[in-house]
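Below you'll find the structure, written out as structure tokens, and then a few comments.
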Ligand code: DCT
Ligand code: MG
């Protein structure tokens, strides 16, 4: 069932009409247990369902079954006793197959199916509806098709919009009108005597729709017209019931874990349906109980020729100590290929390399970027990555759930044993080369997980985000990381000795002040000196005495102004910066550049994060930060560094999401936003706004947008609570849409448990319902911030993708070397400045269309520092 790789296919089964059909089309006596109980509906229902699953390989199946009434023991009111008795068996088997069941009042099953199609719809998702209810035809669209069966053994018919028109003479939208005119025996809708399906369809085509027919019913000549006039009430009543409506869906149960062979055998023990039994066993993944079994294992090169060009293939690669590819495993379902590169023939290596480089062969990998980078270093290319199970898992649970392969297997492949997943993880992470079987098992887990996660992403509306943003970014980030940033080692070294000097001077000065030498790096000595020798007021108590962390010392200094503390703080700062510089120095590669890793799977908001080393946390506004940035330079052959950063992106997103007319007008006025807001807040002309006023207006805008209370705002601005309250009231008076939007975000997050960005990226906030008010409060502020910051992350990611594509199309040599949240950094080749600036202007401002324009600032200089404001 999880084999398809045609995106996500969802099969929705309207089980009520299907059961009725299965029960009534064969004699009750034709299939019975040894004890004589009828199982004709079990046979008919499951045969048709398995036919549909086999023929269409959906990644997800949902079956709507009639709900049992509370009073009876699992009985459904209104069903014949012989059918009622078969329902529990059907439920058991569906559950054993890992199929989700949704229960509905039998009369509302069609409506529930209609609602499910709405919920499951998403980019790239193909939905098929299986059922016998005539009204299902009205659900058909290009993406939603209807599957009809004429009973077990007969071929399934798939109806799209064209075939609906062909078959019924009307479009899907008019089908409910058609049923109203013709009636339907199964739905107990009476027909109009003398009006058949042909006539009704002709009228609908002629008049447009049922309302138009009824409005001009006197114009219809002949016996049909007369009969229709005599049965208008029937038709109107029919129409009430012939259209499906959407209803609230019950929360869906987790997909049940698939049962083992043994459990299936047990269900079928006394059922006497041997064919169905063996068919279900055949369809089971061959592994239940015997995890990792591959029935066919071949040489990867030959295997890929056969399997690698038609379907998505799970890939697990193993790299040697120098990043060279040492072995590769490829798998789908229970067949796999393995190649040890050390002993492979040149032909085999070439054919695997060609397959990896081919953008049209589809691959599923777990954490593809390191593989892309490692292969690239050895002259191999990897294209066509169509699933990355780490990225998919991240989108489904950003910032919490583990994205490790073994954990994912345990979470999403319940039919595989958890131990197998753990063993896999340990073996892959271990120091020794994993045995071939482990690599093969990994490839196979990745293939299976890829499909399951695709379906989950489709269900949660994130498939497009996954494909067009996160997966599309893989090669772009791979390039940025591989290119790296050139640094001036000498300058960094100089900086390092400066910081060392500063720290030493602070130590000396502190010692002189005390009259004896002191080690400022020792928390213990500091505690003794501060709280005993100098008798300063106690700071926050900790396990080891009183706190000497940076915040505690800072506030102590603010209170006492003691010169000793000044030296301690200087020492702290210099030591910290020396640490930053040390990390950078150690990270310089043999090519004189620093290659950071931009991970896509860490933050809760969707931002990228830079690690090994972190290049996103170099202080922006401090002198020391500027000096560190001065050592980031263009490499030989390049002229300058160019920086392009989105201007006020968060407030633009706020304007778009809230639709606040005043905020939109502010952006459209062409005036700088923060100046505009400051002019109003401080009642001065925009031209007279001081830098300080602008800074305060900005702090008010962002503070309030992210849920600061008046008290919090007062703290930030260093003003009284009353004044802050006035600013807050005035701001929300002016921008009422922002306040309403913030309220709705919090409310929606509390209802659904998550927030969403512009592109549907979710952040789950379970703490919203925490009984602990501090946690609930923090979660609420996170809920306000997440859509804005996450949307900014969405936009910069789209921009990186578009900029990379535009650079590739151009003949420019300039290249993207880093992303720092809202800012992109480039190394500019001689003579390319203007052309690059134009390219960035276009690509970055059109990455997405909002209700306010996007704007960027472009600056350049001979070092990264020189691009700053
Ligand atoms: N930020 C914040 N609170 C502030 C200032 C900034 O939360 N008081 C956050 C949100 C925006 C982000 O940091 C980037 O800051 P700036 O570039 O200063 O914001 P801006 O709106 O782009 O303003 P400017 O036009 O001055 O660059
Ligand atoms: Mg800015």
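In the numbering used here, the protein residues as written are -8 to 860. Where a beta carbon is used, it is the ideal one built from N, C-alpha and C, also for glycine.
| field | Closest by C-alpha distance to residue 428, when choosing among 366, 322, 500 | value | One-based indexing of the chain shown puts residue 428 at position 437. The shortest C-alpha separation from residue 428 is found at 322.
| Any heavy atom of ligand 2 closer than 7 Å to the Cβ of residue 481? | Taking the chain shown and counting its residues from 1, one reaches residue 481 at position 490. No, ligand 2 has no heavy atom inside 7 Å of this Cβ.
| said: Distance check for residue 690 and residue 706, CA to CA, integer angstroms please. | reply: For this step, residue 706 is matched to residue 715 along the chain shown. For this step, residue 690 is matched to residue 699 along the chain shown. Taking the straight line joining both Cα atoms gives about 11 Å.
| Separation of residue 306 from residue 331, as counted between CA atoms | What you label residue 331 is simply residue 340 of the chain shown in a count that begins at 1. What you label residue 306 is simply residue 315 of the chain shown in a count that begins at 1. Taking the straight line from one Cα to the other gives about 14 Å.
| field | Enclosing beta strand (DSSP E) for residue 851 [first to last residue] | value | Residue mapping note: residue 851 aligns to position 860 of the chain shown, counting from 1. Segment 847 to 852, the beta strand (DSSP E) holding residue 851.
| Proximity winner among 517, 779, 629, relative to residue 645 (alpha-carbon distances) | In the chain shown, the residue the question calls residue 645 occupies position 654. Minimum Cα distance to residue 645 is reached at 779.
| field | Neighbour-count burial assignment, residue 545, 16 or more Cβ in a 10 Å radius | value | Against the chain shown, residue 545 aligns to sequence position 554. With fewer than 16 Cβ atoms within 10 Å of its Cβ, residue 545 is classed as exposed.
| Is residue 734 helix, strand or coil by DSSP? | Here residue 734 is taken as the residue at index 743 of the chain shown, counted from 1. It is helical.
| said: Looking at the strands, I want to know which residues DSSP matches up with residue 118. | reply: To locate residue 118, count along the chain shown from 1; it is residue 127. According to DSSP, residue 118 bridges with 1, 135.
| Under 8 Å, do residue 271 and residue 85 count as touching if we go by C-beta distance? | On the chain shown, residue 271 is found 280 positions in, with the first residue counted as 1. On the chain shown, residue 85 is found 94 positions in, with the first residue counted as 1. Contact flag unset, no.
| So residue 478 packs on residue 622, CB below 8 Å; how close in whole Å? | Sequence index remark: in the chain shown, residue 478 carries index 487 (1-based). Sequence index remark: in the chain shown, residue 622 carries index 631 (1-based). The pair is a contact, with the Cβ atoms about 5 Å apart (cut-off 8 Å).
| field | Sheet register partners of residue 537 (DSSP bridge) | value | Numbered from 1 along the chain shown, position 546 holds the residue referred to as residue 537. Bridge partners of residue 537: 532.
| task | Please classify residue 143: does DSSP put it in a helix, a strand, or coil? | result | For the purposes of this step, residue 143 is taken as residue 152 along the chain shown, with counting starting at 1. Residue 143: coil per DSSP, three-state reduction.
| Per DSSP, the bridge partner or partners of residue 94 | Position 103 of the chain shown, counted from the start, is the residue given in the question as residue 94. According to DSSP, residue 94 bridges with 56.
| said: For residue 300, count the other beta carbons within 10 Å of its own beta carbon; 16 or more makes it buried, fewer makes it exposed. Which is it? | reply: Residue numbering aside, residue 300 sits at position 309 when the chain shown is read from its first letter. So residue 300 ends up on the exposed side.
| field | the stretch 134 to 147 in contact with the stretch 112 to 121 per 3-pair CB rule at 8 Å | value | yes
| task | Can you tell me which of 371, 95, 44, 17 puts its alpha carbon nearest to the alpha carbon of residue 55? | result | Against the chain shown, residue 55 aligns to sequence position 64. If we check each option's Cα against that of residue 55, 95 comes out closest.
| request: Put residue 633 into one of helix, strand or coil per three-state DSSP. | output: As a working mapping, residue 633 is identified with position 642 in the chain shown. Three-state DSSP puts residue 633 in a strand.
| message | Threshold first: 4 residues or longer. Then list the alpha helix (DSSP H) segments lying entirely within the stretch 678 to 707, N to C. | response | 682 to 696
| query | Mapping DSSP to helix, strand and coil, what is residue 22? | reply | Reading the chain shown from its first residue, position 31 is the one you call residue 22. In this structure, residue 22 counts as coil in the three-state DSSP scheme.
| field | Sequence-distant residues of its chain with Cβ nearer than 6 Å to residue 161 (five each side left out) | value | Translated into positions along the chain shown, residue 161 becomes position 170. These residues qualify, in order along the chain: 169, 192, 195.
| message | Closer than 8 Å is the cut-off here; do at least three beta carbon pairs connect the stretch 563 to 576 with the stretch 487 to 504? | response | yes
| query | chain D beta carbons: is any one of them nearer than 8 Å to that of residue 489? | reply | No chain D appears in this structure, which consists of one protein chain only.
| Once you ignore the five residues that flank residue 386 on each side, which residues in its own chain have a CB closer than 6 Å to its CB? | Taking the first residue of the chain shown as position 1, residue 386 is located at position 395. 453, 457.
| said: So, does the stretch 547 to 555 touch the stretch 434 to 448, judging by three or more C-beta pairs under 8 Å? | reply: no
| message | Going residue by residue through the stretch 262 to 339, where are the continuous alpha helix (DSSP H) segments of at least 4 residues, counting only ones entirely within it? | response | 265 to 274, 291 to 298
| Residues in its own chain within less than 8 Å of residue 876 by CB, not counting five upstream and five downstream? | In this structure the chain extends from -8 to 860, so residue 876 is not present and cannot be described.
| task | Specify the secondary structure class of residue 211 as computed by DSSP and reduced to three states. | result | Mapped onto the chain shown, residue 211 falls at position 220. Here residue 211 sits in coil by DSSP.
| query | What are the partner residues of residue 815, as DSSP defines its beta bridges? | reply | Residue 815 sits at position 824 when you count from the first residue of the chain shown. Answer is 635, 810.
| Rounded to a whole number of angstroms, what is the C-alpha to C-alpha distance between residue 460 and residue 260? | Residue numbering aside, residue 460 sits at position 469 when the chain shown is read from its first letter. Residue numbering aside, residue 260 sits at position 269 when the chain shown is read from its first letter. Cα to Cα, residue 460 sits roughly 50 Å from residue 260.
| said: For a test of the three-state rule: what should DSSP assign to residue 600, helix, strand or coil? | reply: Your numbering for residue 600 matches position 609 in the chain shown. Strand, per DSSP.
| query | What do you reckon, are the CB atoms on residue 377 and residue 359 nearer than 8 Å? | reply | By one-based count along the chain shown, residue 377 stands at place 386. By one-based count along the chain shown, residue 359 stands at place 368. Contact: no.
| Start and end residues, alpha helix (DSSP H) containing residue 774 | Looking up residue 774 in the chain shown gives position 783. Taken as a continuous stretch (DSSP letters only), the alpha helix (DSSP H) holding residue 774 covers 764 to 800.
| query | If you draw a straight line from the alpha carbon of residue 20 to that of residue 90, how long is it in whole angstroms? | reply | Within the chain shown, the letter at position 29 stands for residue 20. Within the chain shown, the letter at position 99 stands for residue 90. Those two C-alpha atoms are separated by around 28 Å.
| Do you know how far the Cα of residue 365 is from the Cα of residue 481? | Locating residue 481 in the chain shown gives position 490, counting from the first residue. Locating residue 365 in the chain shown gives position 374, counting from the first residue. Spanning the two alpha carbons is a distance of roughly 29 Å.
| said: So for residue 658, helix, strand or coil by DSSP? | reply: Within the chain shown, residue 658 is the residue found at index 667, counting from 1. Residue 658 falls in the helix class under three-state DSSP.
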